[in-house]
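Here the protein sequences come in this chain order: A and B. 1 is the number of the first residue of the first sequence in the numbering used here; add one for each residue after it. 258 is the number of the first residue of the second sequence in the numbering used here; add one for each residue after it. First comes the structure, then the notes that go with it.
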Amino acid sequence: MKCNGKAFLLLLGLMFFYQLTWAQKEKSVLVAAASDLKFALDSIILVFNQEKEITVKPIYGSSGKLYEQLSNRAPFHIFMSADVRYPELLAEKGLTASEIYVYGVGRLVLWSRKYDVKDLGMEAFQQPWVKKVAIANPDHAPYGKRAVESLAFYGWQEKLAPLLVKGENISQAAQFVATGAADLGMIALSLALSPTMKKYQSSYYLIPESSHSPLVQGAVVTSHGESSPESYAFMAFLKGEKAIGIFRYFGFSQPSN
Amino acid sequence: MDFSPFYLTLRLALFTTGILFLIGIPLAYWLAFSRLRIKYVVEAIVSLPLVLPPTVLGFYLLLFFSPENPMGGFLDRYFDLRLVFTFPGLVLASVIYSLPFMVQPLRSGFTGIPKAWIDTTQTLGKGRWVTLSRVMLPNMKSALLTAGVLSFAHTVGEFGVVLMVGGNIPDETRVIAVAIYNEVEAMNYGQANTYSLILIGFSFLVLLITYWLNRDKSRVLSYD
Numbered sequence: 001m002k003c004n005g006k007a008f009l010l011l012l013g014l015m016f017f018y019q020l021t022w023a024q025k026e027k028s029v030l031v032a033a034a035s036d037l038k039f040a041l042d043s044i045i046l047v048f049n050q051e052k053e054i055t056v057k058p059i060y061g062s063s064g065k066l067y068e069q070l071s072n073r074a075p076f077h078i079f080m081s082a083d084v085r086y087p088e089l090l091a092e093k094g095l096t097a098s099e100i101y102v103y104g105v106g107r108l109v110l111w112s113r114k115y116d117v118k119d120l121g122m123e124a125f126q127q128p129w130v131k132k133v134a135i136a137n138p139d140h141a142p143y144g145k146r147a148v149e150s151l152a153f154y155g156w157q158e159k160l161a162p163l164l165v166k167g168e169n170i171s172q173a174a175q176f177v178a179t180g181a182a183d184l185g186m187i188a189l190s191l192a193l194s195p196t197m198k199k200y201q202s203s204y205y206l207i208p209e210s211s212h213s214p215l216v217q218g219a220v221v222t223s224h225g226e227s228s229p230e231s232y233a234f235m236a237f238l239k240g241e242k243a244i245g246i247f248r249y250f251g252f253s254q255p256s257n
Numbered sequence: 258m259d260f261s262p263f264y265l266t267l268r269l270a271l272f273t274t275g276i277l278f279l280i281g282i283p284l285a286y287w288l289a290f291s292r293l294r295i296k297y298v299v300e301a302i303v304s305l306p307l308v309l310p311p312t313v314l315g316f317y318l319l320l321f322f323s324p325e326n327p328m329g330g331f332l333d334r335y336f337d338l339r340l341v342f343t344f345p346g347l348v349l350a351s352v353i354y355s356l357p358f359m360v361q362p363l364r365s366g367f368t369g370i371p372k373a374w375i376d377t378t379q380t381l382g383k384g385r386w387v388t389l390s391r392v393m394l395p396n397m398k399s400a401l402l403t404a405g406v407l408s409f410a411h412t413v414g415e416f417g418v419v420l421m422v423g424g425n426i427p428d429e430t431r432v433i434a435v436a437i438y439n440e441v442e443a444m445n446y447g448q449a450n451t452y453s454l455i456l457i458g459f460s461f462l463v464l465l466i467t468y469w470l471n472r473d474k475s476r477v478l479s480y481d
């Protein structure tokens, strides 16, 4: 028993030690962000940190999943959704602490690692090399939902159904095509424009906006972020010229109204 | 290189293993010696996490402990305690999820102790507590080690539950398994590779030390 007792005390001691070291963790702004923002938001945070010493940590996921987590009071300070409907629903639940800010409109593109599909357009689906097509999960990822709408618009839905692979969010769908696991993907323009994806294939086909409902994107400070002035500071930065420039670089158009 | 997912994982595994020892020893003792007829019901319940996918546990934890629901709302209002998207929530989930890995080795450790020893201790007028602490536990060290290592390792390797009730929050719930998933999804393969290699090295080392400590005994890391 003696030996075991000692081991147990050691274990308790270690736990205590970790508890102490952990107590000093800094205050930072947690941003729950749609996966299509992966590269854009990372850049924005980089520029933001040249001005202010506030740590901003992005957590990427599908907007629907993040909304679900926020409804269950996940401790995120800011919510940036690829579909403005989710922040609106959150506001209806009384879980927001600012106006909803529409930072851009996203676009869907057709992208393949090996082939340039720019001139093929939607006919790319007919190519013999297309065995798997990656989209985001339409149940909770806005880009996935729009992809399905667009496929239905062009009458491809039934023919493609057996070929579809669904990523947890648009970033995972992009990863499926970027690794070549899927031959073709319906992904976010903002991801296709990122250096990581351009490395493989810089060309893409911009899917006409008329084939699906618009991807109007919105950001909001959550009720968890209400007591944090840092969150409002970052939100203000998102509305500034520099952030808008970065959004534009990654293919987000400004809402016409 | 951001090492915080490792610290967090280590902390989670230590807490979980510590708490599991406190729960597991009495439970395994009871399972080994109770003459209650419906004991097998408890055995089945304890082993459930071995069979069920982590999503089931994740789903119910979300359901029970969301502040939007009665139970979670009650804890939130009166105790300021949230068990979804927080570290304490992960500890709770891991304790449930790793319970069989603690209880089963301990249980076979208890049953492996010769009945004669227990009878002798009691004949000598020692109570149950002394029998447990002076006779049983010292003679099942390898079972204790196995139980501890398995619980620890299983918690380190946990993924599904954490993904569901953790919310991938840096320094709070982004454990190493989730961090690797995150890096792969973000196409940072270099970082994912570094994390994975460190994890393989660490896990191998832990198991190596365990097997080395138990090198002369058979039936070390099994609990049949």
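Glycine included, each C-beta is placed from N, C-alpha and C at the ideal position.
query: Along the chain, which unbroken stretches of the alpha helix (DSSP H) at least 4 residues long are found entirely within the region 212-252 of chain A?; result: 229-238, 241-249
query: Taking the Cβ atom as the reference point for each residue, do Ile466(B) and Tyr452(B) lie within a distance shorter than 8 angstroms?; result: no
query: Since Leu120(A) and Met80(A) should fall inside the 8 angstroms C-beta cutoff, what is the C-beta to C-beta distance between them, to a whole number of angstroms?; result: Contact flag wrong, Cβ pair sits at about 33 angstroms.
query: With a threshold of 8 angstroms between beta carbons, is Gln175(A) in contact with chain B?; result: yes
query: Ignore the nearest five residues each way along the sequence and tell me which others in Gln201(A)'s own chain have a CB closer than 6 angstroms to its CB.; result: Arg113
query: Return the chain-ordered list of same chain residues with a C-beta closer than 6 angstroms to the C-beta of Gly144(A), the five sequence neighbours on each side being excluded.; result: Ile135, Ala136, Asn137, Pro138
query: Would you kindly work out how many angstroms separate the C-alpha atoms of Phe265(B) and Leu271(B), rounded to a whole number?; result: Note on identity: in this sequence residue 265(B) is Leu, with Phe being the wrong assignment. Each residue's Cα considered, the two are about 10 angstroms apart.
query: For the 8 angstroms Cβ check, are there 3 or more pairs between the region 390-400 of chain B and the region 362-370 of chain B?; result: yes
query: When the cut-off is 8 angstroms and only beta carbons count, does Pro75(A) lie next to chain B?; result: yes
query: Alpha carbon to alpha carbon, what distance is there between Met122(A) and Leu206(A)?; result: 10 angstroms
query: Does any residue of chain A have a CB that is nearer than 8 angstroms to the CB of Gly424(B)?; result: yes
query: Are Ser63(A) and Asp83(A) close, meaning C-beta to C-beta below 8 angstroms?; result: yes
query: Going by alpha carbons, who is nearest to Val418(B) out of Pro306(B), Asn471(B), Lys296(B)?; result: Pro306(B)
query: Mind listing which residues of the region 319-331 of chain B have their C-beta closer than 7 angstroms to chain A's C-betas, in chain order?; result: Leu319, Ser323, Pro324, Glu325
query: Can you find a C-beta in chain A that's less than 8 angstroms from the C-beta of Arg339(B)?; result: yes
query: What does the alpha-carbon distance come out to for the pair Ala23(A) and Leu267(B)?; result: Only weak support exists for where Ala23(A) lies, its pLDDT of 48 falling under 50; the value from the coordinates is given anyway. Looking at the two C-alpha atoms, the distance is approximately 15 angstroms.
query: Under the three-state reduction of DSSP, which class applies to Phe262(A): helix, strand or coil?; result: Coverage of chain A is limited to positions 1 through 257, which leaves residue 262(A) absent and any answer about it impossible.
query: Helix, strand or coil: how does DSSP classify Ala270(B) here?; result: helix
query: If the cut is a Cβ gap below 7 angstroms, which residues of chain A does Phe358(B) touch?; result: Those within 7 angstroms of Phe358(B) in chain A number zero; the least Cβ separation is about 16 angstroms.
query: Return the residue from the list Val109(A), Thr222(A), Ser228(A) that minimises the CA-CA distance to Ala32(A).; result: Thr222(A)
query: Nearest to Asp259(B) by alpha carbon, out of Arg431(B), Lys296(B), Leu420(B)?; result: Arg431(B)
query: What is the C-beta distance between Met197(A) and Leu110(A), in whole angstroms, given that I count them as a contact (C-beta under 8 angstroms)?; result: About 13 angstroms separates the two Cβ atoms, so there is no contact after all.
query: Hey, Val29(A) and Ser228(A) are a contact pair by Cβ (cut 8 angstroms); roughly how many whole angstroms apart?; result: 7 angstroms
query: Closest Cβ-Cβ distance between Ala97(A) and chain B: below 8 angstroms?; result: no
query: Here's a check: name, in chain order, each residue in its chain whose Cβ is nearer than 6 angstroms to the Cβ of Ala192(A), leaving out the five neighbours to either side.; result: Val109, Trp111, Tyr204
query: So which residues of chain B does Thr196(A) contact, with C-beta pairs closer than 7 angstroms?; result: Met444
query: Could you tell me whether the region 47-55 of chain A touches the region 231-245 of chain A, using the rule of 3 or more Cβ pairs below 8 angstroms?; result: yes
query: Between Phe336(B) and chain A, is the shortest Cβ-Cβ distance under 8 angstroms, so that the two count as touching?; result: no
query: Pull up the CB-CB distance for Phe342(B) and Ala74(A), whole angstroms please, since I reckon it's below 8 angstroms.; result: 4 angstroms
query: Under 8 angstroms between C-beta atoms, does Ser71(A) make it to chain B?; result: yes
query: With C-beta atoms as the reference, is Ile78(A) less than 8 angstroms away from Ala173(A)?; result: no
query: How many angstroms separate the CA atom of Phe252(A) from the CA atom of Ile170(A)?; result: 15 angstroms
query: Where does Thr430(B) fall in DSSP's three states?; result: coil
query: Hey, Gly329(B) and Phe321(B): beta-carbon distance below 8 angstroms or not?; result: yes
query: Whether or not the region 231-240 of chain A and the region 399-410 of chain B are in contact is what I'm after, with contact meaning three or more pairs of Cβ atoms, one per stretch, closer than 8 angstroms; do they touch?; result: no
query: Since Met393(B) is in the beta strand (DSSP E), which residue starts that stretch and which ends it?; result: Careful: Met393(B) lies outside any beta strand (DSSP E) and carries neither H nor E.
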